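Shown next, in structure tokens, is the structure this report addresses.
In this note's numbering, the protein residues as written are 55 to 622.
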């Protein structure tokens with residue numbers, strides 16, 4: 055019930071002065087003032103203070119700092135009745151205001167927020183919580199005001215005491231004009247009052263999910279008033295707060311019981327919580343709602359969502375004892391087929407192919423992925439890569455696999471970023487297997503450009519070194535093996551590769567030096583002696599050659615016999 059001016063009969067008005075008449079008009083205003091109590095996670099009292107209704111369905115306002123860190127709150131009305139705080143609607147720490155909804159059944163008395171700024175010289179009345187319905191408020195005067203965004207800040211003759219903060223200021227008509235605020239200026243004697251119209255800014259929006267002031271309150275939040283914003287809010291909710299998420303999904307379904315999106319969102323929430331029974335129940339409900347109300351999520355979209363959920367669970371390493379027996383890849387494929395039969399969207403076909411690939415039906419998956427790649431609007435690097443993997447699993451032509459990887463790279467978005475760089479490594483591996491070493495080196499080079507040398511490790515440079523060696527790109531190979539040495543925590547194996555490469559390219563003096571240095575770390579390594587022996591032999595120093603080759607033989611390398619005979 056909206057508060058209206060308290061009107062006395064005309065004769066009665068004539069018997070009192072104008073000051074008393076103004077107070078009398080406010081005598082029932084106390085019915086909209088509340089006492090609020092907030093509690094921590096253990097039920098311990100955090101704060102208490104004044105609150106007040108600003109809507110007939112339990113909407114109320116209080117100081118934000120009362121609620122910061124709270125897990126529970128309740129109000130006591132002028133009759134002494136307790137009501138739980140049900141939802142937080144909006145919050146603003148800088149103005150120390152929070153708007154919330156009380157679970158009181160509605161139809162409560164409330165203050166009407168003014169449409170106009172307060173006028174200097176017109177008295178206001180500061181109210182406090184009381185169970186005495188006819189207790190008048192304290193008269194307050196505005197000395198001056200100043201702009202605050204689109205509203206006003208009032209300088210008032212109220213002591214700047216904690217007990218006076220967050221109290222409502224009403225005019226002679228009972229309209230809410232302001233809320234008392236602490237004056238933070240040093241040694242300030244008097245408080246401020248914030249224009250009550252600012253309360254209208256405290257509303258639930260799609261961005262409420264990221265409102266840090268709201269996140270400091272652990273009481274469930276209200277949804278935005280329209281379905282579109284409410285869905286966006288649900289999408290942006292941090293899943294770590296399970297109470298907030300569960301409450302929001304339930305609230306959405308209560309508000310929009312025929313919208314399939316609500317059930318799908320809650321189904322995915324249950325999925326993340328591992329509650330597969332309730333997840334499936336909501337997916338099935340969503341399918342029913344979508345069939346009867348196609349203005350929201352369509353039936354094909356619901357089947358696709360359920361298919362992706364089944365697919366994830368079937369592939370995840372979770373306890374099979376807690377997984378329903380019908381959450382299988384086969385059922386995931388069936389749901390994808392249902393979606394595709396309703397609407398032949400390539401996305402659904404692609405997902406069906408993934409289900410077949412996961413079931414090791416590689417030929418079937420390849421056929422589907424190949425068809426997907428013919429859709430120019432949908433074909434991408436990912437679809438061609440999927441086709442290449444499926445074809446490779448069938449054991450058919452490896453060059454055709456490389457051709458598909460060529461198409462994969464052709465479809466990379468430009469400029470290529472780190473997300474897609476991996477495709478160059480994938481193709482380089484197949485090119486090496488096919489003996490196309492120079493082409494493989496090209497792919498390694500492209501990968502390096504995209505990722506950046508600072509983000510690469512010794513293993514990368516060793517892989518490229520191997521391809522360069524096979525491609526007879528010896529200078530590049532030498533550069534890469536030295537980079538591997540410089541960047542590795544365990545460079546000894548790479549140092550041995552460097553010495554062997556120097557020997558292979560005829561840099562005998564450098565090969566000897568590299569192998570001799572390595573002997574300080576590997577004094578009994580036959581490969582070092584073999585490299586030194588062969589290098590000396592090629593230089594014509596047969597004595598040193600045979601001495602080192604014999605040492606290698608004594609350490610177990612019998613392959614040096616050929617070189618010993620050669621240099622004798």
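We put the beta carbon where it would ideally sit given N, CA and C, even for glycine. Computed from a prediction, not measured in an experiment: that's the story for all the values here.
Three-state class that DSSP yields for residue 580 in the structure shown:
Along the chain shown, one-based indexing puts residue 580 at 526. Of the three classes helix, strand and coil, the one that applies to residue 580 here is helix, per DSSP.
Three-state class that DSSP yields for residue 192 in the structure shown
In the chain shown, the residue the question calls residue 192 occupies position 138. In the three-state scheme derived from DSSP, where H, G and I count as helix and E and B as strand, residue 192 is classed as strand.
Can you give, in chain order, each stretch of the beta strand (DSSP E) that sits fully within the segment 83-142 and has at least 3 residues?
Fully enclosed beta strand (DSSP E) runs of 3 or longer: 87-93, 99-107, 113-116, 126-130.
Element boundaries [beta strand (DSSP E), containing residue 211]
Locating residue 211 in the chain shown gives position 157, where the first residue counts as 1. Counting along the chain, the beta strand (DSSP E) containing residue 211 begins and ends at 205-213.
Cutting at 6 Å between CB atoms, please list the residues of its own chain near residue 145, excluding the five before and the five after it.
Looking up residue 145 in the chain shown gives position 91. Here the set comprises 118, 152, 267, 268.
Look up residue 232 in the DSSP assignment and give the residues it is bridged to.
For this step, residue 232 is matched to residue 178 along the chain shown. In DSSP, residue 232 forms a bridge with 223, 249.
Could you give the C-beta distance for residue 33 and residue 305, rounded to a whole number, given that I count them as a contact under 8 Å?
As displayed, the chain neither begins before 55 nor continues past 622, which places residue 33 out of reach and without an answer.
Residue span of the beta strand (DSSP E) that contains residue 153, given as start and end
If you number the chain shown from 1, residue 153 lands on position 99. Note, residue 153: beta strand (DSSP E), 151-156.
What runs of the alpha helix (DSSP H), each 4 residues or longer, lie entirely inside the segment 293-333?
296-309, 314-327
According to DSSP, is residue 180 helix, strand or coil?
Here residue 180 refers to the residue found at position 126 when the chain shown is read from its first residue. In this structure, residue 180 counts as strand in the three-state DSSP scheme.
Using DSSP's beta-bridge definition, name the partner residues of residue 627.
Shown here, the chain extends from 55 to 622; a query on residue 627 therefore has no answer.
DSSP has residue 542 in a bridge; who is on the other side?
The residue given as residue 542 occupies position 488 in the chain shown. None, per the DSSP bridge assignment.
Cβ pair residue 480, residue 442 closer than 9 Å:
Locating residue 480 in the chain shown gives position 426, where the first residue counts as 1. Locating residue 442 in the chain shown gives position 388, where the first residue counts as 1. Against a cut-off of 9 Å, the Cβ pair of residue 442 and residue 480 comes out as a contact.
Classification of residue 242 by the beta-carbon crowding that lies within 10 angstroms, buried from 16 upward
Along the chain shown, one-based indexing puts residue 242 at 188. Classification of residue 242: exposed, given that the 10 Å Cβ count is below 16.
Of all the options 229, 244, 224, which has the alpha carbon lying nearest to the alpha carbon of residue 217?
In the chain shown, counting from the first residue as 1, residue 217 sits at position 163. With distances taken between Cα atoms, residue 217 lies closest to 244.
Would you call residue 509 buried or exposed, if buried means 16 or more other Cβ atoms sit within 10 Å of its Cβ?
Indexing the chain shown from 1 puts residue 509 at position 455. Answer is exposed; the Cβ neighbour count stays below 16.
What are the partner residues of residue 146, as DSSP defines its beta bridges?
The residue given as residue 146 occupies position 92 in the chain shown. Answer is 151, bridged to residue 146.
Using 8 Å as the threshold, is the segment 343-351 in touch with the segment 382-402, meaning 3 or more CB pairs across them?
no
So what does residue 166 bridge to, in DSSP terms?
Stepping through the chain shown from its first residue, residue 166 is reached at position 112. For residue 166, which the question treats as bridged, DSSP gives the partners 229.
Label residue 585 either buried or exposed according to how many other C-beta atoms from any shown protein chain fall within 10 Å of its C-beta, with 16 as the threshold for buried.
Start at 1 with the first residue of the chain shown, and residue 585 comes out as number 531. Residue 585 comes out buried.
What residue range does the alpha helix (DSSP H) around residue 353 cover?
Sequence index remark: in the chain shown, residue 353 carries index 299 (1-based). Counting along the chain, the alpha helix (DSSP H) containing residue 353 begins and ends at 353-369.
Given that a residue counts as buried once 16 or more other Cβ atoms are within 10 Å of its Cβ, and exposed if not, what is residue 222?
The residue labelled residue 222 in the question sits at position 168 within the chain shown. Around the beta-carbon of residue 222, 16 or more other beta-carbon atoms lie within 10 Å, marking it buried.
Residue nearest to residue 257 in terms of C-alpha spacing, selected from 247, 272, 270, 280:
What you label residue 257 is simply residue 203 of the chain shown in a count that begins at 1. Among 247, 272, 270, 280, the Cα nearest to that of residue 257 belongs to 280.
Rounded to the nearest angstrom, what separates residue 516 and residue 576 at their Cα positions?
Counting from one through the chain shown, the residue named residue 516 turns up at place 462. Counting from one through the chain shown, the residue named residue 576 turns up at place 522. Roughly 21 Å separates the two Cα atoms.
Report all residues from its chain with a CB closer than 7 Å to the CB of residue 297; omit the five preceding and five following residues, and keep chain order.
Along the chain shown, one-based indexing puts residue 297 at 243. So the list reads 274, once near-sequence residues are dropped.
How would you label residue 181, buried or exposed, when you count the other beta carbons within 10 angstroms and need 16 or more for buried?
Working through the chain shown from its first residue, we reach residue 181 at position 127. Per the 10 Å Cβ criterion, buried.
What does a CB cutoff of less than 8 Å around residue 376 pick up in its chain, not counting 5 residues either side in sequence?
Residue 376 sits at position 322 when you count from the first residue of the chain shown. Once the five neighbours on either side are set aside, the close Cβ partners of residue 376 are 328, 330.
Report yes if the CB atom of residue 582 is closer than 9 Å to the CB atom of residue 569, and no otherwise.
Residue numbering aside, residue 582 sits at position 528 when the chain shown is read from its first letter. Residue numbering aside, residue 569 sits at position 515 when the chain shown is read from its first letter. Yes, the pair counts as a contact, with Cβ atoms nearer than the cut-off.
Can you have a look at residue 414 and say buried or exposed, based on whether 16 or more other CB atoms are within 10 angstroms of its CB?
Looking up residue 414 in the chain shown gives position 360. Counting Cβ neighbours within 10 Å, residue 414 comes out exposed, since fewer than 16 surround it.
Could you give the DSSP three-state label for residue 602: helix, strand or coil?
In the chain shown, counting from the first residue as 1, residue 602 sits at position 548. It is helical.
Taking the DSSP output, what are the residues bridged to residue 275?
The residue labelled residue 275 in the question sits at position 221 within the chain shown. According to DSSP, which records beta bridges pairwise, residue 275 is partnered with 142.
Could you tell me which residues DSSP pairs with residue 244 in its beta bridges?
As a working note, residue 244 is residue 190 in the chain shown. For residue 244, which the question treats as bridged, DSSP gives the partners 213.
Nearest residue (CA-CA) to residue 209, options 226, 228, 235
Sequence index remark: in the chain shown, residue 209 carries index 155 (1-based). Cα-wise, what sits closest to residue 209 is 235.
Exposed or buried, which one is residue 78 when buried takes at least 16 other CB atoms within 10 Å?
Locating residue 78 in the chain shown gives position 24, where the first residue counts as 1. Residue placement at residue 78 cannot be trusted, given a pLDDT of 28 that sits under 50; the coordinates are not used to answer.
Do residue 523 and residue 558 have their beta-carbon atoms positioned less than 9 Å apart in this structure?
Along the chain shown, read from residue 1 onward, the residue named residue 558 stands at position 504. Along the chain shown, read from residue 1 onward, the residue named residue 523 stands at position 469. Yes. Within cutoff.
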